[in-house]
Amino acid sequence: MADFILEYGHKPGWKSIFNLLGITVPPRLKRLKGSWKKQILAGKKVVTSTGGINSFVIRNIYDELGGHALINSLPAEDRADVLLFDATGIESVAQLKLLYGFFHANAGKLANNSRVVIISLNPTGSAEHVSAQQAIEGFSRSVAKEVGRKGATVNLVRLENKNATEQQLLPVLNFLFSEASAFVTAQVFRINSTGNVPQIIPLENSLTGKIALVTGAARGIGEATARKLAAEGATVIVLDRPEDSEAGKKVADSINGKFLAADMSKEESATIINDYLKKEFNGVDIVIHNAGITRDKTIAKMDEKYWDMVLNVNLQALIRTNNLLLKSGTIRNNGRIVCLSSISGFSGNFGQTNYSATKAGIIGYVKALAEEQAANNITSNAVAPGFIETKMTAKMPLFTKMGGRRLSNLNQGGLAEDVADMITFLSSPGAAGINGQTLRVCGGSYIGA
Ligand code: NAD
0 MADFILEYGH
10 KPGWKSIFNL
20 LGITVPPRLK
30 RLKGSWKKQI
40 LAGKKVVTST
50 GGINSFVIRN
60 IYDELGGHAL
70 INSLPAEDRA
80 DVLLFDATGI
90 ESVAQLKLLY
100 GFFHANAGKL
110 ANNSRVVIIS
120 LNPTGSAEHV
130 SAQQAIEGFS
140 RSVAKEVGRK
150 GATVNLVRLE
160 NKNATEQQLL
170 PVLNFLFSEA
180 SAFVTAQVFR
190 INSTGNVPQI
200 IPLENSLTGK
210 IALVTGAARG
220 IGEATARKLA
230 AEGATVIVLD
240 RPEDSEAGKK
250 VADSINGKFL
260 AADMSKEESA
270 TIINDYLKKE
280 FNGVDIVIHN
290 AGITRDKTIA
300 KMDEKYWDMV
310 LNVNLQALIR
320 TNNLLLKSGT
330 IRNNGRIVCL
340 SSISGFSGNF
350 GQTNYSATKA
360 GIIGYVKALA
370 EEQAANNITS
380 NAVAPGFIET
390 KMTAKMPLFT
400 KMGGRRLSNL
410 NQGGLAEDVA
420 DMITFLSSPG
430 AAGINGQTLR
440 VCGGSYIGA
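Its first residue numbered 0, the sequence shown is counted upward by one per residue in numbering that gives the first Met the number 0.
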């Protein structure tokens, strides 16, 4: 069932009824249609902080994305499309006042669907330095809560060290400024300077010629991901269970891709996938482990077979498959692995001990795999969706569903396309600086740890 308040809240007459009832109408999010655009800052009002150690880099990035003039302060009646704050120079509690000054002056002037990005630096200095940089994280998550009702997002980009360059920073900022990150807020994007990025790689057209495998792609998030990857130029192999062949083939045909029938719960699937990729494409560049299931019951009442089933499909199958693909050299250098975690992997969830264990397992897995594969420049990351409107969540009881939607800063559930946009970004060559991380697509619904 669709979100009634979102659907009707923007129709004439209805908004005032909801207001009278004290119900907040969620903002309509502006999402990316079609493929990534060039020059996304053209015509946008971008307000930046003054100073900061990376002002030169920011100037270049800004020019690259089609911006015209950087503004340091806006007239009272103007609205900002982007706020960009360089917090890399903050080393003390006293310097945190810079955040106060900038956001006190500008947060109230944000346009609908605007973007806020704060750049910070992994501190190496004194305990106060560490504390001041960590403070920025709490600050940004709170601003995200305050401006979410405008459909505005707030994200933190953390440079792991001072050597992080424009090459690593630009694609991340491009993604965060764009409509592709409409449901991504209150996140920390950590940039490692180890990613092999010899030059600036713009997002647009960067997946042309790439071969991508998406598991569980006959519907939901997997289908949306297959479509997004194909829209950016990748040749996509849509994998799903044999019983979902009809739906899977339809998706594959509509994007000029291929369908591969394989049940991930079966051990032989790893070999089927590996042989297929070797024979048909001589390898693969992008592997998206999306297939996943739930079998909810409290631990006291859970059948052993449901424990086994969920652990197998959601975690064991992807490890088994990656082991073979990596051992056989099927995943090429500069490859991208993205696995689907969940916010319940961070926070746990009632009746989901099996599911949450697998989704937390993925968070640890991508971190360890990233280190293992660093020499091959193969990145491993996970995406943790929050409440997303798919067949999986449609099964939830009505009030749980309504609660799930309202937990987010943006006061609504996300769409499969929102998750697909993040996965597609992490699959791109420009995302080389992001490795071993789990990023949420949850609209900032921060529950649990
Ligand atoms: P979905 O149930 O709509 O789709 C899952 C797909 O995986 C289906 O096409 C299904 O046929 C396929 N699949 C299941 N078992 C398989 C197997 N053994 N072999 C091959 N394919 C198999 O689910 P979704 O909501 O699109 O979720 C996709 C992923 O995102 C899952 O890993 C899920 O855990 C994760 N996720 C979803 C949400 C959400 O709110 N929808 C939230 C957090 C995480």
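The beta-carbon is built from N, C-alpha and C at its ideal position, and this holds for glycine as well.
Beta-bridge partners of Thr413, as assigned by DSSP: Translated into positions along the sequence shown, residue 413 becomes position 414. Looking at the sequence itself, residue 413 is Gly, so the reference to Thr does not match. Partner(s): Ile387.
Chain-order list of residues whose beta-carbon lies under 6 Å from that of Asn311 (same chain, five-residue window excluded): To locate residue 311, count along the sequence shown from 1; it is residue 312. Ser264.
Proximity test, Leu339 beta-carbon vs the ligand NAD heavy atom, cut-off 7 Å: Counting from one through the sequence shown, the residue named residue 339 turns up at place 340. Checking every heavy atom of the ligand NAD against the Cβ of Leu339, one is found closer than 7 Å.
Element boundaries [beta strand (DSSP E), containing Gly33]: To locate residue 33, count along the sequence shown from 1; it is residue 34. Unbroken run through Gly33: none, as it is neither H nor E.
Selection from Trp306, Ser427, Ala359, Gly360 that minimises the alpha carbon distance to Ile377: Here residue 377 is taken as the residue at index 378 of the sequence shown, counted from 1. Residue Ser427 is the option with its Cα nearest to Ile377.
Buried versus exposed, by CB contacts within 10 Å (16 or more), Asp252: Sequence index remark: in the sequence shown, residue 252 carries index 253 (1-based). Answer is exposed; the Cβ neighbour count stays below 16.
Which listed residue (Gly256, Ser180, Ala93) has its alpha carbon closest to that of Gly232: Translated into positions along the sequence shown, residue 232 becomes position 233. The candidate whose alpha carbon is nearest that of Gly232 is Gly256.
Three-state class that DSSP yields for Arg140 in the structure shown: For the purposes of this step, residue 140 is identified with residue 141 of the sequence shown, where counting begins at 1. Helix.
Residues bridged to Phe188 [DSSP beta-bridge criterion]: Taking the sequence shown and counting its residues from 1, one reaches residue 188 at position 189. Answer is Val156, bridged to Phe188.
Gly247 beta carbon less than 8 Å from that of Val237: Reading the sequence shown from its first residue, position 238 is the one you call residue 237. Reading the sequence shown from its first residue, position 248 is the one you call residue 247. Contact: yes.
Local conformation of Ile330 per DSSP, three classes: Indexing the sequence shown from 1 puts residue 330 at position 331. Per DSSP, reduced to three states, the secondary structure at Ile330 is strand.
Three-way DSSP call (helix, strand, coil) for Phe84 in this model: On the sequence shown, residue 84 is found 85 positions in, with the first residue counted as 1. DSSP places Phe84 in strand when its eight states are reduced to three.
Residue closest to Gln132, alpha-carbon to alpha-carbon, out of Asp80, Glu222, Leu95, Ala75: As a working note, residue 132 is residue 133 in the sequence shown. When each option's Cα is compared against that of Gln132, the closest is Leu95.
Heavy atom of the ligand NAP within 7 Å of Ala415 beta-carbon: With respect to small molecules bound, the structure shown includes the ligand NAD and not the ligand NAP.
Distance CB(Gly363)-CB(Gln167) smaller than 8 Å: As a first step, residue 363 is located in the sequence shown; it is residue number 364 there, counting from the start. As a first step, residue 167 is located in the sequence shown; it is residue number 168 there, counting from the start. Contact flag unset, no.
Under 8 Å between C-beta atoms of Pro122 and Val116: As a working note, residue 122 is residue 123 in the sequence shown. As a working note, residue 116 is residue 117 in the sequence shown. Their beta carbons are not under 8 Å apart, which means Pro122 does not touch Val116 by this criterion.
Assigned secondary structure, Ala374 (DSSP; H/G/I helix, E/B strand, else coil): The residue you call residue 374 lines up with position 375 of the sequence shown. It is helical.
Closer than 7 Å: Glu389 CB and nearest the ligand NAD heavy atom: Against the sequence shown, residue 389 aligns to sequence position 390. For the record, residue 389 in the displayed sequence is Thr; it is not Glu. Yes, Cβ of Thr389 sits closer than 7 Å to a heavy atom of the ligand NAD.
Asp243 Cβ short of 7 Å to the ligand NAD heavy atom set: Residue mapping note: residue 243 aligns to position 244 of the sequence shown, counting from 1. In this structure, Asp243 has its CB closer than 7 Å to one or more heavy atoms of the ligand NAD.
Cβ contact check for the segment 201–211 and the segment 14–29: 3 or more pairs under 8 Å: No: the two stretches stay apart, fewer than three of their Cβ pairs being nearer than 8 Å.
One or two residues paired with Cys338 in a DSSP bridge: Counting from one through the sequence shown, the residue named residue 338 turns up at place 339. Among the bridge pairs identified by DSSP, Cys338 is matched with His288, Ala381.
Selected residue, minimal CA-CA separation from Ser91, among Leu397, Arg58, Ser125: Here residue 91 refers to the residue found at position 92 when the sequence shown is read from its first residue. Here the closest residue by C-alpha is Ser125.
Three-state class that DSSP yields for Lys257 in the structure shown: By 1-based counting over the sequence shown, the position of residue 257 is 258. DSSP places Lys257 in the strand class (E or B) of the three-state scheme.
Environment of Tyr99 [buried if 16+ CB atoms lie within 10 Å]: As a first step, residue 99 is located in the sequence shown; it is residue number 100 there, counting from the start. Exposed: under 16 other Cβ atoms inside 10 Å.
Range of the contiguous beta strand (DSSP E) that encloses Arg114: Here the question's residue 114 lines up with position 115 in the sequence shown. Per DSSP, Arg114 belongs to the beta strand (DSSP E) from 109–120.
Three-state secondary structure (DSSP) of Arg218: Counting from 1 along the sequence shown, the entry for residue 218 is found at position 219. Here Arg218 sits in coil by DSSP.
Beta-carbon gap between Lys358 and Ser340 smaller than 8 Å: One-based indexing of the sequence shown puts residue 358 at position 359. One-based indexing of the sequence shown puts residue 340 at position 341. With contacts defined as CB atoms closer than 8 Å, Lys358 and Ser340 qualify as a contacting pair.
Pick from Ser379, Ala143, Leu169 that is closest to Ile287, judged by C-alpha positions: Here residue 287 refers to the residue found at position 288 when the sequence shown is read from its first residue. When each option's Cα is compared against that of Ile287, the closest is Ser379.
Where the alpha helix (DSSP H) through Thr399 begins and ends: For the purposes of this step, residue 399 is taken as the residue at position 400 of the sequence shown. Per DSSP, Thr399 belongs to the alpha helix (DSSP H) from 397–405.
Proximity winner among Ile190, Val250, Gln198, Leu202, relative to Gly219 (alpha-carbon distances): Position 220 of the sequence shown holds residue 219. Looking at the Cα atoms, Val250 is the closest of the given residues.
Ile361 - DSSP class collapsed to helix/strand/coil: In the sequence shown, counting from the first residue as 1, residue 361 sits at position 362. Of the three classes helix, strand and coil, the one that applies to Ile361 here is helix, per DSSP.
Ser205 Cβ short of 7 Å to the ligand NAD heavy atom set: By 1-based counting over the sequence shown, the position of residue 205 is 206. Every heavy atom of the ligand NAD is 7 Å or more from the Cβ of Ser205, so no.
CB contact flag (Phe176, Leu73, <8 Å): Working through the sequence shown from its first residue, we reach residue 176 at position 177. Working through the sequence shown from its first residue, we reach residue 73 at position 74. Result no, Cβ atoms of Phe176 and Leu73 do not sit closer than 8 Å.
Proximity to Leu28 [Cα-Cα], best of Leu438, Arg335, Val440, Ala151: Counting from 1 along the sequence shown, the entry for residue 28 is found at position 29. Comparing Cα-Cα distances from Leu28 to each of Leu438, Arg335, Val440, Ala151, the minimum goes to Ala151.
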